[in-house]
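Reading through the C-alpha cells given below for one structure.
Numbering (this note's numbering), first residue to last: 1161 to 1296.
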C-alpha cells in the first residue's frame, strides 16, 4: 500500500499537479462531503429504535409486526430489548433483517388486496354478481 501511495505522489508531482498538501485538502473535502451525505440520509431514515420506525422502514403492517414479535421472528435480546414496558429496537439488527429478505407482506400489497377485496364485495351488493356466487 505504501508503494502505491509513493507512486501516486510521484505521478502527481511529475505531472505538475499538486503536492502532498493538495492531496490532504482533497481528502478533507471528500470527508466533508461524506459527512454531508450522511446528514442528508439521516433526514429520510426513520428512527429504527421505535415500533413505528421499524414498521415504516420494513414497509409492513402493524399486524405483521405484531406477528413477528409473537412468533419470535424479532427476538428479544437480538432485535430489541424491553425498557419500561416499551420495546427498543437495535437499528443495526433491523437493517440486517431487511437485507436478509425475511420481510413479510409489504404494506402496498396489503392495501391492494384490501381494496380489491372491498371492490369485489361492493360489486356483490350492487348486483353485479349473482347472490349464488357467495360473499367473499
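Note that beta-carbon positions come from the ideal geometry of N, C-alpha and C, so glycine has one too.
Item checked: Span of the beta strand (DSSP E) around residue 1263 -> Per DSSP, residue 1263 lies in no beta strand (DSSP E) and is assigned neither H nor E.
Item checked: Three-state class that DSSP yields for residue 1231 in the structure shown -> If DSSP states are grouped into helix, strand and coil, residue 1231 belongs with coil.
Margin query: Is it buried or exposed, residue 1214, if we count other Cβ atoms within 10 angstroms and call 16 or more buried?
Written below: Around the beta-carbon of residue 1214, 16 or more other beta-carbon atoms lie within 10 Å, marking it buried.
Notebook entry, point to check: Nearest to residue 1249 by alpha carbon, out of 1261, 1188 and 1225?
Noted result: Here the closest residue by C-alpha is 1225.
Next item on the list: List the whole-angstrom C-beta distance separating residue 1218 from residue 1258, where the pair is believed to meet the contact cut-off of C-beta under 8 Å.
Entry: Correct: roughly 6 Å between the Cβ atoms.
Item checked: Boundaries of the alpha helix (DSSP H) in which residue 1115 is found, first to last residue -> An answer regarding residue 1115 cannot be provided, because it is not within the stretch 1161 to 1296 covered by the chain.
Next item on the list: Give the secondary structure of residue 1247 by DSSP, where H, G and I count as helix, E and B as strand, and everything else as coil.
Entry: Strand at residue 1247.
Check: In angstroms, rounded to a whole number, what distance separates the CA positions of residue 1260 and residue 1251?
Finding: Distance between the alpha carbons of residue 1260 and residue 1251: 14 Å.
Check: Which residue from 1196, 1279 and 1245 puts its Cα closest to that of residue 1210?
Finding: Considering only alpha carbons, the answer is 1245.
Check: How big is the Cα-Cα spacing for residue 1269 and residue 1189?
Finding: Here residue 1269 scores only 49 on pLDDT, less than 50, and its place in the model should not be relied on; the value that follows carries that caveat. Looking at the two C-alpha atoms, the distance is approximately 43 Å.
Margin query: Using 8 Å for Cβ pairs, my map puts residue 1240 next to residue 1247. What's the rounded Cβ distance?
Written below: So it is a contact: roughly 5 Å between Cβ atoms.
Margin query: Rounded to the nearest angstrom, what separates residue 1271 and residue 1220 at their Cα positions?
Written below: Caution applies to residue 1271, whose pLDDT of 48 falls short of 50 and renders its modelled position unreliable; the value that the coordinates give is listed next. Looking at the backbone, the Cα of residue 1271 and that of residue 1220 are separated by about 11 Å.
Margin query: In whole angstroms, give me the CA-to-CA distance for residue 1228 and residue 1243.
Written below: Distance from the CA atom of residue 1228 to the CA atom of residue 1243, rounded to whole angstroms, is 19 Å.
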